[in-house]
Amino acid sequence: MARDDFSKDTITKLAERVGFLCSNPACRTHTVGPNSEQTKSTRIGKGAHITAAAVGGPRYETGLTPEQRSHISNGIWLCANCADLIDKDEGKFPTILLNSWKADAELEMHKRLKGEPLESVAVGEPYLEVDLVWQRGGRSPRGYSNKNPVEVDENGRWVTFIGAGVKPIIHWELNWSYALKIYNNSSYPAYNICFRQISDLKFTTLEKLPIKNNLPPYDYLELKAKYVDRVEGIHTVADEIMAKKIPDALNGLTFEIVYFDEGRQEHRTGLKIVDGTIENNKII
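Under the working numbering, think of the first position of the sequence shown as 362, with each following residue one higher.
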């Protein structure tokens, strides 16, 4: 399978936009320096893909075109070690986190160019965001529908009759299981996190936050969530609904995260499922 690699110019631009520093906030190592030969330099950085360059790679997104995969917006400059790390443990380094790293690193370099003190780069506020990661789903039959044809058996009783080649109408139970991941996409810790479902529409089950739930910078918490729905129809009706990893029935589900910074100031992130994706919005 062909890879949608970055051009040399794109790789250079990725490095220049962060001053050739690793974009991992916990690293920030220099990635270029002198070589023993005066006419050369030594580079230990890499233009890494945020979403994979080819099928089967980490964080691969099927909806992107080759041009989008090889575009600078899909790249992040990292040292060789961090570039290797994000691909070996993709669950800990999702797309939303890598985009945050990239934005913060470029903002920091922009501040440096303007001569602003480093303390002004960040405002000291944690920022939590949520991602809903599909894990598995399935359908289970829960009995025949009374909409199926019936006939009288030899004992005079009405019974459901399913003839050859007829697809029976069945009551299906549909279920989706998720990992609901709460990310701290900032360089500041968040304390006393509270998760609230505020719409009438809710997950069928949602794991409770642990009592100790302080979230360090660039770390995440993971909760188990499940949604169960029911439908009446032939199996293809159920399969069509199950084809979506976030079903239409969950559109409009709204919740918020409340958390505190080190100064005991309250912060909130509002979240809503819209067209099968989660929209994050910082409220306060």
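All residues carry an ideal CB built from backbone N, CA and C; glycine is no exception.
Values in this document were obtained by computation on a predicted structure and should not be read as measured data.
When secondary structure is reduced to three states using DSSP, His432 falls in the coil class, being assigned neither helix nor strand. In this structure, the CA atom of Tyr421 is about 10 angstroms from the CA atom of His410. DSSP, read as helix, strand or coil, puts Val494 in strand. Residue pairing for Glu640: DSSP places it in a beta bridge opposite Lys633. The beta strand (DSSP E) runs of length 3 or more contained entirely in the region 532-595 are, from start to end of the chain, 552-558, 581-594. Between Leu541 and Leu489, the CB-CB gap reaches or exceeds 8 angstroms.
Of the candidates Ile405, Pro419, Leu535, Ile457, the residue whose Cα lies closest to the Cα of Lys449 is Pro419. Under the criterion of beta carbons closer than 8 angstroms, Tyr549 and Asp622 qualify as touching, at roughly 6 angstroms.
A contact is defined here as three or more CB-CB pairs under 8 angstroms, and the region 396-409 meets this definition with respect to the region 374-384.
In the DSSP assignment, His471 falls within the alpha helix (DSSP H) that extends over 456-474. The Cβ atoms of Pro608 and Trp495 lie no closer than 8 angstroms to each other. Our two residues, Cys440 and Ala551, have alpha carbons roughly 27 angstroms apart in a direct line. In this chain, the beta strand (DSSP E) harbouring Arg404 covers 402-404. Annotation for Val513: Trp519, Val520 place their beta carbon closer than 8 angstroms to its own, counting only its chain and skipping 5 residues before and after. When rounded, the separation of the alpha-carbon atoms in Phe367 and His432 is 7 angstroms. Around the CB of Gly436, 16 or more other CB atoms lie within 10 Å, so the residue is classed as buried.
For Glu601, the secondary structure class from DSSP, reduced to helix, strand or coil, is helix.
Using a 10 angstroms sphere on the CB of Cys555, the tally of other CB atoms stays under 16, which defines it as exposed. Taking C-beta atoms as the reference points, Ser547 and Pro487 count as a pair closer than 8 angstroms. C-alpha of Asn507 to C-alpha of Gly526: approximately 19 angstroms in a straight line.
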